[in-house]
Each structure stands twice: as C-alpha cells, then as structure tokens.
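First the structure, in the form of structure tokens, and then the observations on it.
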Amino acid sequence: MTIDPQSLLERLIACPSVTPEEAGALDLLQAELESLGFAVTRLRFEGDGSYPVDNLFATRGQGGRRLLFAGHTDVVPPGEVAHWTSDPFTPRIEDGRIYGRGAADMKSGIAAFVAACSAVSPEAGTIHLAITNDEEADAINGTEKLVRWMADNGHGFDFAIVGEPSSTDVLGDSIKIGRRGSFSGKVTVTGTQGHVAYPHKANNPLPLLAAIATALSSEQLDGGTAHFPASNLELTTIDVGNPVGNVIPMSGTLRFNIRYNDLWTPETLETWIMDRLMLAKMHNTDPTRQGCRVDFEVSGVPSRSFLSPLGRDIETLSAVIAERNGRAPEYSTGGGTSDARFIAQYGPVVECGLVGPSMHKTDEHIALSDLSGLTEIYAAFMRRFFAEPGA
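Residues 1278 to 1668 in the numbering used here are what the sequence shown lists, from first letter to last.
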C-alpha cells in the first residue's frame, strides 16, 4: 500500500487541531499507520500545571537499526479568519501550493514521513513515530513525557529526525543539528516607598535595579563555539508601576531571556546571574540603599541547548540531500527551541523539513513539489539507514 502525501496532508489540515485539541488528527494518523503495519499506542499525559494532552506512539519492525521520527499535529490558532483568503482548515490548492493552518508547521513533515514509510519494506528495520499534540504551547505533557515513556518501555533508537521546517530558502539547503537553549528570569528589587521631597525617609530601589540591568546586559557571556553563535542576554522589560512623579516606588522588576550555546547549562547560567547581582549590589555605594532586597527567580522551565554528534547518519542524510540538490545542506543551530531538545537526551537527533517562512502566518502554505521532494528524501534516507539492497 502506497500513501499519497498530498492526500494525507489535506486530511490533516482539515482537522482543526489547535493545541491541545487533536480534533481527529491522531485518529487519522492511527488509521493510516495501522494500514502500514504499525502497532499504535495512544497516550494521554496530564498534570504538572498544564492541560491534558493526547499523544501517539507507533512502531513497526523488530531488530535491525532503529529510526525515530518525531513531530506534532497541533497548530497555533489561525487568528482573525477574515484575514485568510479562505477557511484556514479547508485545504486549498492554488498555483502548485497547498494552503491551510499547519501546512508548513508541521503536518507536511508528518505526511511526508508516513508516505515515505509506505515506500520502505517493513522488514528493513525498526521505525518509531512519536507524535504529540502539544508542541506549540506549554509542551509539558507532550514529547518530553512521550520519549520518557519510550525509554521506560524499551523503545530506544539509533537516530532521530524531527520533521520541523528546517530549510531556509530551498528544500534541503539546511538541517538543524542542534539548538540553543533558552533561559528566562525575573529580578525584583524592593526598597521603601516615600515622598521624593524626603528621600532620607525612603529607600529608592531603582538605582540598584538600573545597576543590575547594566551588570546583566553589559558583559558578553562567551564568544560562541564551532557550531553556535555567542550566547546573548536580552532585557525584555523593566517595570515599576509608578504613575506619578512625586512618589519613590517601593519596588521594581526586570525580566530577561538568555539564548545560550553548548558552553552553558541552566545551572551554570544561574550561578553567573547570581554573581552579577552580587557585584551590582556591592558596587551600590550609597548607604541609604544598602538595605534594598534583591530577589531572583527563574521564569518557567529552561530549555537546554544540545548538539548532536556528527556521524555517519548525519553524513548519510547530507549525502541523500546533496545528490538531490547538487550540494550538501548547511548544518545549522539557529532559531528558537523545538521538541528536539527532549529527544536529544536519549540519542542523536536532527531536524529536517520544509521551507517554513509562512508558518504561523495567515495563508500558511507550502509548495507541493517540496512535499513530494521531502517524501523522496525521507524514503531515500531510510533505505540507506537500514542498508536495504539497492540503496
């Protein structure tokens, strides 16, 4: 049985699977995968301060090398539907493109991989699919718990592909071999409120808050590494909440985000931040402000950086793309975070997918030729990965 990636993508787009509602997308995938001989397990995770999420694990084959494909069926909300040319959940084909929410991010990657599986012998080796419906929002009850469940139940892998859009301008011009981490924090400085005419009766927290802002943002964390740019800290807001000009405020806060490379961990970053806070407080020589209290807290759960080890599987994927495109893909670590960060804790992983400039936008779309091209890349890679005859 051969699956047409365009038909599957059309049917997936028609499922309005805005996080965390799977809206039939996982049911559809289950039916398609079972028709290809996959054993499918549905898993619902909940708790940890987030909403319940439906996930899907599928596996086919026993023995041999083990390949994992990971992706997500959830999509971001379409926004104001009136801004779309047509209904975002009714797939539209025009001028060689398919339009609809999730067309680029990333139902196309899933459709291409499932279609590629239909072109590869079930005897080739072991294929796993880990599909979540919670990547675009909290990402708490999705891939992180899904791959942990896999490990606990003996479903290991030798190599993993995440089907996120990874190409820049042309299909296959870039694959992501790692991602920077993300660390967000909040600093609050508390003093004593008072009248500006009687500063000796108050304790203004703002000079110290300003010194902390300078201490955090003026020192470069590092100079970058072989595959990563320099880590950078960006102040995102400084808030006082004081609407009048004759009151010294009691407190002020600042928030920041650090996008960091493989030289750092959340733990070492927290130590670096605490050192900067201590230095700023020590350099605050005004005795009237020595009593200000400084509090720091990590915002949310930091995303760890990762870099997959370069080896034969990445080289094989590059060779497949090079033969198709006439040149090998660039190895990238750019962009934000993705679910690959959870998978990297269990084995090597890359992101290989379509060109994605329209993702999250109105009239999201991809070229149908890219969809068929990605299917060919996945199928060719799998044949070589499993060392099928004639590969």
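For each residue, glycine too, the CB sits at the ideal point set by N, CA and C.
Since this is a predicted model, take the numbers as computed values, not measurements.
Taking 7 Å as the cut-off, the beta carbon of T1467 is found no closer than this to the beta carbon of T1530. Distances from the CA of T1469 to each of S1312, C1569, S1444 were compared; the closest alpha carbon is that of C1569. Here the C-alpha atom of N1534 lies approximately 22 Å from the C-alpha atom of A1621. Bridge pairing for Y1475: absent [DSSP].
Taking the Cα positions, R1618 is about 29 Å away from I1375.
G1500 and L1584 do not touch by the CB rule: their CB atoms are close to 16 Å apart, not below 8 Å. In the three-state DSSP reduction, H1642 falls in the strand class (E or B).
If the five residues before and after D1281 are omitted, its C-beta is found closer than 8 Å to the C-beta atoms of A1392, all from its own chain and listed in chain order. When secondary structure is reduced to three states using DSSP, A1347 falls in the strand class. Annotated three-state conformation of V1521 is coil, per DSSP. Taking all protein chains shown into account, H1472 has fewer than 16 neighbouring C-beta atoms within 10 Å of its C-beta and is therefore exposed. The beta carbons of L1448 and K1384 sit no closer together than 7 Å.
Taking 7 Å as the cut-off, the Cβ atoms of P1368 and G1630 do not count as close.
Bridge pairing for F1583: R1456 [DSSP].
Rounded to the nearest angstrom, the gap between the Cα atoms of A1488 and E1323 is 42 Å. By the Cβ test, the region 1407-1423 is in contact with the region 1324-1331, since at least three Cβ pairs between them sit closer than 8 Å.
Put simply, of K1558, V1626, S1609 the residue whose alpha carbon is nearest the alpha carbon of D1590 is V1626. For A1414, the closest alpha carbon among the candidates Y1655, T1639, S1615 is that of S1615.
One alpha carbon belongs to P1526, the other to D1572, and they sit about 16 Å apart.
Of the other Cβ atoms in all chains shown, fewer than 16 fall within 10 Å of the Cβ of V1358; this residue is therefore exposed. Across the set D1640, E1653, S1609, the C-alpha of S1609 shows the shortest separation from the C-alpha of P1506.
According to DSSP, residue pairing for T1530 in a beta bridge involves T1465, D1516. The DSSP-derived three-state label of D1331 is strand.
In the DSSP assignment, R1589 falls within the alpha helix (DSSP H) that extends over 1589-1602.
The C-alpha of A1479 is placed about 47 Å away from the C-alpha of E1412. Between the alpha carbons of T1403 and Q1339 lies a distance of about 5 Å.
In the three-state reduction of the DSSP assignment, V1447 falls in the coil class. For R1618, the enclosing alpha helix (DSSP H) has its first and last residue at 1617-1620.
Around the beta carbon of D1429, a 10 Å sphere encloses fewer than 16 other beta carbons of the protein chains shown; the residue is thus reported as exposed. DSSP places E1421 inside the alpha helix (DSSP H), whose first and last residues are 1420-1429. Scanning its chain for C-beta atoms nearer than 6 Å, with the 5 sequence neighbours on each side dropped, one finds around I1452 the residues S1443, P1606, V1627, C1629, in chain order. For I1387, the three-state secondary structure derived from DSSP is helix. Distance from the CA atom of I1387 to the CA atom of S1646, rounded to whole angstroms, is 16 Å.
Here the region 1537-1550 lies against the region 1502-1521, with 3 or more beta-carbon pairs under 8 Å apart. Excluding residues up to 5 positions away in sequence, L1286, I1290, P1368, S1635, E1641, H1642, I1643 lie with their Cβ nearer than 8 Å to the Cβ of A1380 in the same chain. Counting along the chain, I1290 sits inside the alpha helix (DSSP H) bounded by residues 1282-1290.
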